[in-house]
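Here the structure is laid out as structure tokens; the discussion comes afterwards.
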Amino acid sequence: MGDYKAPKEKTPQAPGPAPSMQDLSGAWVLEKHLSSNIPLILKLQKIPWLVRKAIDSSAIHLHITQYTSTDPKTNEPRVHLDLVQRSSVNVGIGVIEDNRILDWDERPHEDYIFGSVVTRSRYVTGAGFGEAEDGKGARPDIRLNVDVDGEDGEKILRFLRGEIDADGTYCDGFLVEPWPGCDSENAEGKGLWVQTLERSERSAWTAETIWGFEMMNGERCLTSRVAAVDGKGNYQLGKCVFQLLNREC
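Start counting the sequence shown at 1; every next residue gets the next number (full-length UniProt numbering).
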């Protein structure tokens with residue numbers, strides 16, 4: 001994959017004109033009518049029915065603050081994504097805070113919905129696939145981290161890369177947008193996405209997610225493509241679609 005370098009340390013910036021993978025700061029709302037299979041993923045993760053029902057019946061807002069700091073061990077810049085999820089109802093769900101650092105180190109996280117999990121997060125860049133059947137010149141350069149092999153593993157990987165939707169049909173997938181310093185003339189290294197991995201020891205599931213931008217009904221939206229796998233190898237694929245409300249967190 002390409003070598004994305006984080007910018008030098010800075011404090012959170014004033015709201016800008018448009019979000020990008022280098023600056024996702026803002027208030028977002030989950031568009032459930034554009035999203036897919038969220039209840040099925042939550043069921044596989046053994047989230048109680050009442051909580052799933054509350055999530056399904058409430059408006060979900062996601063507040064993102066993105067900034068950089070200096071790693072005290074290496075003195076290298078590192079990117080932070082501070083996520084705050086709020087619900088319009090107070091029964092079963094409320095506020096969930098999840099602070100990520102995009103360095104692929106394992107970190108513990110705990111909240112009252114998913115319990116104790118171990119998380120990892122990082123940027124990934126694009127890899128060219130030549131004359132791909134879907135006509136796309138680059139896709140997220142990832143390898144599967146969930147434990148599924150064979151045709152099912154290939155389907156999960158193609159879904160996470162944005163080649164197909166959860167039902168297996170071809171789709172336009174992620175927008176491939178150059179980032180400062182990338183080689184805009186070549187597919188290799190072009191595009192930028194966020195990859196996350198969560199593992200629950202208690203409920204024995206793993207979830208791999210790729211974040212990026214896609215066109216949904218003519219609008220550029222932030223999406224997260226999620227593959228959740230339980231301890232028996234059963235899996236669910238789903239997509240969360242977020243529209244920007246404003247650039248103020």
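By construction, the Cβ of each residue, glycine as well, lies at the ideal position given by its N, Cα and C atoms. Small disclaimer: the values here were computed from a predicted structure and weren't measured.
- Residue ranges of uninterrupted beta strand (DSSP E) with 3 or more members, entirely inside the segment 133-175 and ordered along the chain, are 138-140.
- Annotation note: the segment 50-102 contains the following uninterrupted beta strand (DSSP E) runs of length 3 or greater, listed N- to C-terminal: 60-70, 77-87, 95-101.
- Annotated three-state conformation of L44 is helix, per DSSP.
- I142 is positioned such that its CB atom lies no closer than 9 Å to that of R120.
- Relative to A166, the option among L237, T68, P77, E76 whose CA is nearest is L237.
- Nearest C-alpha to K190 among E198, Q45, V176, L83: V176.
- Residue environment for R52: buried (at least 16 other C-beta atoms within 10 angstroms of its C-beta).
- If the five residues before and after S224 are omitted, its C-beta is found closer than 6 Å to the C-beta atoms of T209, W211, C240, all from its own chain and listed in chain order.
- Rounded to the nearest whole angstrom, the CA to CA distance from S200 to I41 is 14 Å.
- Judged by DSSP in its simplified three-state form, I113 adopts coil rather than helix or strand.
- Between S36 and the set L157, G168, H63, V95, the nearest pair of CA atoms involves G168.
- Assignment of P39 by DSSP, reduced to helix, strand and coil, places it in the helix class.
- In this structure, the alpha-carbon of H109 lies about 18 Å from that of V79.
- According to the DSSP assignment, Q22 belongs to no beta strand (DSSP E), since it is labelled neither H nor E.
- In the displayed model, S203 falls within coil according to three-state DSSP, outside both helix and strand.
- The beta carbons of D98 and D82 sit closer together than 9 Å.
- Exposed is the label assigned to M215, since fewer than 16 other Cβ atoms lie within 10 Å of its Cβ.
- In terms of CA proximity to F114, L44 leads the group K32, L44, E248, E219.
- Out of L30, G94, A227, S58, the CA that lies nearest to the CA of R158 is found in A227.
- If you draw a straight line from the Cα of Y123 to the Cα of W179, it is about 12 Å long.
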